[in-house]
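Positions in the sequence shown are counted from 1; adding 210 to them yields my numbering. We put the beta carbon where it would ideally sit given N, CA and C, even for glycine. Values in this document were obtained by computation on a predicted structure and should not be read as measured data.
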Amino acid sequence: KREREREREEKRRRTTKPACMLRGSLHWTWVRRTRFLRNYASSSSSSSSCFSSLMEPSPARSSFCLKRGRGEERAFKSAASNMSTTAWVGNQSQEEFMQKDMCILVNESDEVTGYANKKDCHVFNAKQPKGLLHRAFSVFLFNERNELLLQQRASTKITFPSVWTNSCCSHPLNGYEPSEVESLVDTESGRTPGTINAAVRKLDHELGIRPDQVPKDKFKFQTRLHYCARDDSTKKEESWSWGEHEMDYILLIRTNEALDVVPNAEEVDDWKYVNAQELKDMMEDKDLLWSPWFRIIEKEFLHTWWENLDEALTSQTFVDNKIHKLVL
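Take a look at the structure:
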């Protein structure tokens, strides 16, 4: 009988892990996951903030690690792969862009506060009567004769359809490569590489202008505009409509050769080059609609840059480190 008891005790010791081994297993599970998250964060700065909270230990999370071990690590790798940066896909519908494009949310000091899809950013309702403040850009493209390229937004656009506006206006997005998330250090030094990446992408998407025809080093950042405008033409009820609430980065560029403009019918109904007098005549035409951001920029800034275009494109004379909060 004693012999059988000794055999059972020996078998129990061989098959049961001591508490120290359990703690060690938990430790290495946590180390593996933390290393993975840190490596992912360092390889994708735009996504690192999403993972910072996951790297803080908690009793509940430690308990989960103890029970799940490598299974949880696999789940985190799967989640991270779904959030990794990728190339932007332009052959989507307007509704798909609204759902999938992730805009960059900022506060009034242009500090990034998070991300939200285009639909959530542009809805004006009782809960968010001014939508969500997010980054945008406006490109003013001039040809070798210093004429400005204008476009008329497509009638099928969800926000501000059929309005005339500057050459290209859209949003830098989160989660794509090359990164379009601007660093304030760059912005305050007059450099905006992330926004320029977004501008090159959208000039190609909206107007068919090839990236090699608009070199990134030819863009010149000028200033930022904070404005808010409701699109009353889309009002569905008294407290609901589409609108724009943007931190708008203004970019100038001049090309010295004829561009291959092939407008995307989903984005653009018409386009044309104009000189300053022709623009003035167009804006006096009561039958033409204009975007609110273009009206503000034309009134406050455009003609100063246009009259001194060489200087505006090659010097810091008109570049400021300001955020101009303006309304119509």
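Chain-order list of residues whose beta-carbon lies under 8 Å from that of residue i (same chain, five-residue window excluded)
i	result
Ala326	Met312, Cys313, Leu315, Leu342, His344
Asn407	Pro382, Pro388, Ser389, Glu390, Lys426
Lys367	Gln304, Glu477
Arg284	Bear in mind that the predicted position of Arg284 carries a pLDDT of just 39, short of 50, making it unreliable; the figure below should be weighed with that in mind. The answer is none, since no qualifying residue turns up.
Asn317	Thr323, Leu343
Counterpart residues of residue i in DSSP-defined beta bridges
i	result
Arg363	Val478
Ile463	Leu351
Cys331	Answer is none; Cys331 lacks a bridge partner.
Asp458	Ala346, Leu435
His534	Leu435
Ile314	Tyr325
Asp441	Trp452
Thr375	Gln361
Thr296	Tyr386
Ser399	Note: Ser399 sits in no beta bridge, so no partner.
Lys182	Residue 182 lies beyond the residue range present for the chain, which begins at 211 and ends at 538; the question has no answer from this structure.
Ser380	Phe347
Glu447	Trp450
Spatial distance of residue i from residue j (CA atoms)
i	j	result
Asn474	Glu306	16 Å
Trp516	Asn356	8 Å
Ser525	His436	24 Å
Asn353	Glu508	18 Å
Val395	Asn531	11 Å
Phe528	Leu462	11 Å
Leu512	Ser449	33 Å
Ala439	Lys428	30 Å
Val349	Ile460	6 Å
Ala251	Pro382	Any reading at Ala251 needs caution, since the residue's pLDDT is 39, under 50, leaving its predicted position unreliable; the model's value is listed next. Near 20 Å, if we compare the C-alpha coordinates of Pro382 and Ala251.
Lys329	Met308	5 Å
Arg363	Cys379	10 Å
Gly453	Thr296	28 Å
Phe370	Phe347	16 Å
Gln338	Gly324	16 Å
Asp441	Gln432	26 Å
Ser393	Ser319	13 Å
Gly385	Phe504	28 Å
Gly404	Val484	29 Å
Thr514	Leu351	15 Å
Val299	Leu519	34 Å
Gln361	Ala486	15 Å
Met457	Lys496	28 Å
Asp479	Leu358	17 Å
Asn301	His332	21 Å
Glu521	Trp500	28 Å
Glu467	Lys310	35 Å
Glu488	Glu510	18 Å
Residues near residue i in its chain [Cβ-Cβ closer than 7 Å; skip 5 each side]
i	result
Val471	Leu417, Gly418, Ile419, Trp481
Pro421	Val410, Asp414
Leu523	Lys430, Leu462, Arg464
Asn335	Ser449, Trp450
Lys340	Phe334, Cys438, His455
Leu498	Trp374, Met492
Ile506	Leu435, Tyr437, Leu536, Leu538
Glu217	none
Nonlocal neighbours in the same chain, by C-beta distance under 6 Å from residue i, ignoring five residues either side
i	result
His534	Leu435
Leu469	Ile419, Gln423
Ser272	Residue confidence is low: Ser272 scores 30 on pLDDT, short of 50, so the model does not pin down where it sits. No coordinate-derived value is stated.
Glu477	Ala364, Glu416
Would you call the segment 370-377 in contact with the segment 397-407, where contact means no fewer than 3 C-beta pairs closer than 8 Å? No, because fewer than three Cβ pairs between the segment 370-377 and the segment 397-407 fall closer than 8 Å, the two stretches do not touch.
Three CB pairs or more closer than 8 Å across the segment 439-448 and the segment 489-496: no
Extract the residue ranges of the alpha helix (DSSP H) inside the segment 482-526, only unbroken runs of 4 or more that lie entirely within it. Listed in chain order, the alpha helix (DSSP H) elements of length 4 or more contained wholly in the segment 482-526 are 486-493, 502-507, 513-517, 519-524.
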